[in-house]
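**Student:** Each residue of the sequence shown is one higher than the last, beginning at 1 in the UniProt record's numbering. All C-beta atoms, glycine included, are put in the ideal place defined by N, C-alpha and C. If you scroll down you'll find the structure; I have some questions about it.
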Amino acid sequence: MSVYEFTAKKPDGSSYSLSEYEGKPMLIVNTATKCGLRDQFDGLEKLYRKYGEDGLVVLGFPSDQFAQELSDAEEAEKSCRMSYGVTFPMHDIVKVNGKEAAPLFKYLTENSKGFLGSSIKWNFTKFLIDKEGKLVARYSPKEKPESFEDEIREILMTPIVKLS
């Protein structure tokens with residue numbers, strides 16, 4: 001299984017397949033505009049601008065599961081763009097834990113462990129996906145995006161293995 005098998009909703013409610021990013025590494029992040037860790041938007045944006053031309057995609061998924069997000073996805077997206085200069089794709093507000101968690105986040109949490117087991121502890125938990133759509137790393141909310149830049153570069157330099 002890979003993340004390419006999942007769909008995501010944009011802030012306007014329209015859906016698309018993550019297979020759109022096939023062959024590109026992704027950094028998937030649960031975000032919140034009112035979170036104390038919101039300064040990480042800057043680090044995420046810097047990575048996106050620095051490595052976007054090389055294929056890196058940063059995907060922001062707002063979540064109000066920790067009561068730190070606006071109630072409307074389009075307003076959350078607007079806040080990210082206006083207040084933090086975010087240009088990477090933002091999505092509809094999702095749940096990241098529990099029975100109602102978005103399928104993508106169920107997959108990500110079931111296939112990685114954090115401080116609280118598989119549950120997401122807080123906003124700005126980050127998941128690094130390789131060029132083949134496989135989860136390769138999970139980073140805690142307090143780990144700043146620039147702290148794992150070497151891992152991103154390594155994935156960008158790794159060729160895709162195609163089996164015939």
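1. What does the alpha-carbon distance come out to for the pair S15 and T7?
2. Output yes or no for whether 9 Å exceeds the beta carbon distance between Y139 and F88.
3. Spell out the partners DSSP gives K126 in its beta bridges.
4. Could you spell out where the alpha helix (DSSP H) holding F41 opens and where it closes?
5. I'd like to know whether the C-beta atoms of G60 and L44 end up nearer to each other than 9 Å.
6. Report the option in K142, S119 and I155 whose CA atom is closest to the CA atom of K134.
7. Identify whether A8 lies in helix, strand or coil by the three-state DSSP scheme.
8. Alpha carbon to alpha carbon, how far is T33 from S79? Give it in angstroms, no decimals.
9. With H, G and I counted as helix, E and B as strand and the rest as coil, what does DSSP make of S15?
10. Counting C-beta neighbours from all protein chains within 10 Å, is the total for P103 16 or more, i.e. buried, or is it exposed?
11. M26: buried (16+ other C-beta within 10 angstroms of its C-beta) or exposed?
12. Rounded to the nearest angstrom, what separates V29 and T158 at their Cα positions?
13. Since L156 is in the alpha helix (DSSP H), which residue starts that stretch and which ends it?
14. Quick check on F105: does DSSP put it in helix, strand or coil?
15. Would you list the residues sitting across from G60 in a DSSP beta bridge?
16. State the DSSP-derived secondary structure class of S83, mapped to helix, strand or coil.
**Tutor:** Taking the definition as stated:
1. Whole-angstrom Cα-Cα distance: 6 Å.
2. Cβ atoms of Y139 and F88: not closer than 9 Å.
3. V29 and Y139, per the DSSP bridge assignment.
4. For F41, the enclosing alpha helix (DSSP H) covers residues Q40 to Y51.
5. yes
6. I155
7. strand
8. 7 Å
9. strand
10. exposed
11. Looking at its Cβ environment, which holds 16 or more other Cβ atoms inside 10 Å, M26 is buried.
12. 22 Å
13. E149 to M157
14. Residue state, collapsed to three classes: helix.
15. V29 and M90
16. Helix, per DSSP.
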